[in-house]
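Asks:
In this note's numbering, the protein residues as written are 3 to 379.
#1: Span of the beta strand (DSSP E) holding residue 101?
#2: DSSP three-state call for residue 244: helix, strand or coil?
#3: What does the alpha-carbon distance come out to for the pair residue 359 and residue 327?
#4: How would you write the range of the alpha helix (DSSP H) that residue 342 sits in, first residue to last?
#5: Would you list the one or two residues that DSSP bridges to residue 111?
#6: Alpha carbon to alpha carbon, what distance is there between residue 25 and residue 49?
#7: Going by DSSP in three states, residue 256 sits in which element: helix, strand or coil?
#8: Under the three-state reduction of DSSP, which class applies to residue 53: helix, strand or coil?
#9: Can you tell me the Cα-Cα spacing of residue 342 and residue 75, whole angstroms?
#10: Name the DSSP beta bridge partners of residue 77, please?
#11: If you draw a straight line from the alpha carbon of residue 185 to that of residue 334, how long is it in whole angstroms?
#12: Are the Cβ atoms of residue 259 and residue 35 separated by less than 7 Å?
#13: From what residue to what residue does the alpha helix (DSSP H) around residue 292 run?
#14: Verify whether the separation of the beta carbon atoms of residue 317 and residue 308 is less than 7 Å.
#15: Drop a sphere of 10 angstroms on the beta-carbon of residue 303, count the other beta-carbons inside from all chains shown, and report buried for 16 or more, exposed for fewer.
#16: Thinking C-beta only, is residue 263 closer than 7 Å to residue 255?
#17: Looking only at DSSP bridge pairs, what is residue 82 linked to?
#18: Look at residue 371 and residue 299 and say whether their C-beta atoms are less than 7 Å apart.
#19: Hey, how far is the Cα of residue 253 from the Cα of residue 239?
#20: So, are the CB atoms of residue 192 and residue 273 less than 7 Å apart?
#21: Got a sec, what are the start and stop residues for the alpha helix (DSSP H) residue 220 sits in?
#22: Taking the alpha carbon of residue 123 as the reference point, which residue from 98, 29, 72 has its own alpha carbon closest?
#23: Just the Cα atoms here: how many angstroms apart are residue 90 and residue 121?
#24: Quick check on this structure: which residue in 204, 331, 337 has the alpha carbon closest to the alpha carbon of residue 281?
#25: Suppose contacts are defined by Cβ-Cβ distances below 7 Å. Is residue 111 in contact with residue 100 by that definition?
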């Protein structure tokens, strides 16, 4: 525990790594939310107010307006039919309303002063109504009451197919993938801690590393303690990001928070393991290794959908092995499977693949460092 606490204090002194772990992901998450946060929340259309001349109204048209509904049962139109055509024209000229509808003879007229979303909805509705009415007129003259009922039923746009939802979240949207890829990128930033870990164990890097190398402690013990200290710090930053996204920015996640945290934990292990392995096999100054980690982390995150959601699916379609070797993609996919699917098989597969990949990277790092010899230190 003493070595663990000392190592933790040393890591906290690394301002650059603390910034990439704790501050940068929060800022990027905020920018994501400002950019398309509102697009990720599902909002229903507002009810449109429509004015109809009381002295030149068509009962069939009024019935069609009042019966139109959105899929959630909300009324499409709020009908106002208390004023005459002359009164509505005066109100229109005073710009107290944007338009009104009346029927004179067989022609429906919609008078407007300005054109907006509401006016476009009314115009589209009237076009469809007129088309349907002409259809029935071509079929022959019908009793007015029968015609009114048939038109009203037709304008309801009844559905005769049952929609079966296989997802855990019926309000699924694609925009949450960007936030999941952000968490995956933060996991990959654990590679910076991995570079620091290897740098403090390779005797030719610094005097501190030299003293560590000649200390009466096994390489495996030191590697384990250093790895756990980096994991504790990095995982804390990831937890902060998850709670920030979920409870402050209100990003949609799965209902099972523990499984989200578990996926994040395994992702952090993979990020640090990737950093230790690459830092162990690359012979270069620590600054250059950190630069390489930036490129690798961002490239891996881009392939997981950080820049554009479709990139992830294009990459995995044209190069299928990528889905098993890209740690950021596995983290993103595990979050997505929790959010969208009720079955946990895909989530478990992602975490098992990520765990095996992490174990191989850590084992490779240990083998490389255990047999390391130096001509001169």
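Virtual Cβ for every residue (Gly too), placed ideally from N, Cα, C.
As the structure is a computational prediction, the values presented were derived from the model and not from experiment.
Replies: Concretely, from the data shown:
#1: Taken as a continuous stretch (DSSP letters only), the beta strand (DSSP E) holding residue 101 covers 101-106.
#2: Helix, per DSSP.
#3: Roughly 7 Å between the two C-alpha positions.
#4: Residue range 329-342 is occupied by the alpha helix (DSSP H) that includes residue 342.
#5: The partner list for residue 111 (beta bridge, DSSP) reads 104.
#6: Each residue's CA atom was taken as its position, placing residue 49 and residue 25 some 42 Å apart.
#7: Collapsing the DSSP output to three states places residue 256 in coil.
#8: It is a strand residue.
#9: Going from the Cα of residue 342 to the Cα of residue 75 covers about 25 Å.
#10: Residue 77 pairs with 71.
#11: When rounded, the distance between both Cα atoms is 8 Å.
#12: Taking the C-beta atoms as reference points, residue 35 is found no nearer than 7 Å to residue 259.
#13: It spans 288-305 - the alpha helix (DSSP H) in which residue 292 sits, taken as one unbroken run.
#14: In this structure, residue 308 does not lie closer than 7 Å to residue 317 by Cβ.
#15: The residue is buried, with at least 16 neighbouring Cβ atoms inside 10 Å.
#16: Against a cut-off of 7 Å, the Cβ pair of residue 263 and residue 255 comes out as no contact.
#17: Under DSSP, residue 82 forms a beta bridge with 53.
#18: No; because the gap between Cβ atoms is not below 7 Å, this pair is not in contact.
#19: Between residue 253 and residue 239, the C-alpha separation is close to 17 Å.
#20: Contact: yes.
#21: Following the DSSP letters along the chain, one finds residue 220 in no alpha helix (DSSP H), marked with neither H nor E.
#22: The candidate whose alpha carbon is nearest that of residue 123 is 72.
#23: Distance between the alpha carbons of residue 90 and residue 121: 16 Å.
#24: Scanning 204, 331, 337 for the CA closest to the CA of residue 281 turns up 204.
#25: Their beta carbons are not under 7 Å apart, which means residue 111 does not touch residue 100 by this criterion.
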